[in-house]
Amino acid sequence: MNGPRVFVHRSPGLAERKFTIRDLSNGQVSVVDEAWLADATFEVAPAGRLRALREHRRTVHAGIFGTLLKRPPRGLRCDVAVRYQPSSAPYFLSEEHRPVLEAPLVHLVQGTAYIPREERWL
C-alpha cells in the first residue's frame, strides 16, 4: 500500500546519516533512518546550488520527490548508490557517474540513496 507524496533530503548534520521527510499534503516533517520511495524524481534547485557554492556551506537545495512506501517492496533490488555533490555536478549522479533524474524505486538508508540498476541492451 502506498503512502503520501513526499520530499526527502539528507538531514543537514554532517554526523547524522538520516533523512528528513516532508509530507507534501500537510507539511508534516519527520526524520528517519530508512525509507522507500516509488516513482521518484531527483531535483536540484540551481539558485540554491550556486548559493551553497558561493557561501561554502551546506544548504537544503536538492532532494527527492516520491511516493512514500509503508513497507519494502518485493522484486526490484536497489543496488546502485546515488550521490549529489554541488561542486561536482548540478544533478544527482549514480556510482557509474551517470545523471539520475528519476527512478521507479529508491531505498534511502545510512545516508545514501540506492536505485535499481538500469537494464541496458547492447
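Everything in the sequence shown is counted per the numbering used here, starting at 2 for the first residue and increasing by one.
Even for Gly, the Cβ is constructed at its ideal location relative to N, Cα and C.
Is there a Cβ of chain D sitting closer than 8 Å to that of SER31, yes or no? In the displayed structure, chain D is absent; only one protein chain is listed.
From GLN86, VAL33, ALA82 and ILE22, residue whose alpha carbon lies closest to that of ARG50: GLN86
Less than 8 Å between the CB atoms is what I'm expecting for LEU109 and ALA36, so what's the real figure, rounded? 5 Å
Shortest alpha-carbon distance to SER26 belongs to which of PHE43, ARG55, TYR92 and GLY67? GLY67
Have a look at ALA39 and GLY64 and give me their C-alpha separation to the nearest angstrom. 14 Å
With contact counted as at least three CB pairs below 8 Å, one residue from each stretch, are the segment 98-117 and the segment 74-85 in contact? yes
Can you pull the DSSP bridge partners for LEU94? ARG84 and PRO100
Over what stretch of residues does the alpha helix (DSSP H) that includes PRO47 continue unbroken? 47-56
Helix, strand or coil for LEU123, going by three-state DSSP, please let me know. Reliability of the predicted coordinates at LEU123 is poor, the pLDDT of 44 falling under 50, and the value obtained from them is presented with this limitation in mind. If DSSP states are grouped into helix, strand and coil, LEU123 belongs with coil.
May I ask you to list the residues that DSSP assigns as paired with ASN3? LEU70
Assign PRO1 to one of three DSSP states: helix, strand, or coil. Residue 1 lies beyond the range of the chain shown here (2 to 123); nothing can be said about it.
For PHE8, which option in VAL30, GLU56 and GLY14 has the closest C-alpha, if you only look at C-alpha atoms? VAL30
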